[in-house]
Amino acid sequence: MEQNAGSADIISTLVELNRGKFILTAGQKLGELAEAIIDTGGKGKLTITLEVTPSGMQSGKVNQFEIRPNVSISKPEHAQGKSIFFVTEDGRLTREDPNQMDMEFQETAPNVRS
Numbered sequence: 327m328e329q330n331a332g333s334a335d336i337i338s339t340l341v342e343l344n345r346g347k348f349i350l351t352a353g354q355k356l357g358e359l360a361e362a363i364i365d366t367g368g369k370g371k372l373t374i375t376l377e378v379t380p381s382g383m384q385s386g387k388v389n390q391f392e393i394r395p396n397v398s399i400s401k402p403e404h405a406q407g408k409s410i411f412f413v414t415e416d417g418r419l420t421r422e423d424p425n426q427m428d429m430e431f432q433e434t435a436p437n438v439r440s
């Protein structure tokens, strides 16, 4: 095997995938990721995967590949606020403390001054 036979020009391969549409989609995803990072101050991830399958042979050697590209992002999101809930004896969640005694109030006549 030649020294450079296994290397491929990754940039030109990415540019040519799906007649140039893949690299445009990847660029849009990178822009979407950048906006989310700017908005949240968090970090994210862009992943490009290429599923490469042999699809043709000539003289007993593979001479053709089928490449199925995929690009995905993992965007940072704003943290959600937390809420405190209490657990009842039967396992339900409630915002009111089931151990808190109810307070009883009596209505009184308004204090009228003359």
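My numbering puts the first residue of the sequence shown at 327, with every later residue one more than the last.
From the three backbone atoms N, C-alpha and C, an ideal C-beta is built for every residue, glycine too.
Computed from a predicted structure; not experimentally measured.
- Contact holds between the stretch 395–402 and the stretch 343–356, because three or more Cβ pairs, one in each stretch, are under 8 Å apart.
- Residue state for Val438 is assigned as coil, using DSSP reduced to three classes.
- When DSSP assignments are scanned along the stretch 345–370, no uninterrupted stretch of beta strand (DSSP E) that is 3 or more residues long falls wholly within it.
- For Ser385, the three-state secondary structure derived from DSSP is coil.
- Remark: C-beta atoms of Ala352 and Lys401 do not approach each other more closely than 8 Å.
- For Glu342, the enclosing alpha helix (DSSP H) has its first and last residue at 336–342.
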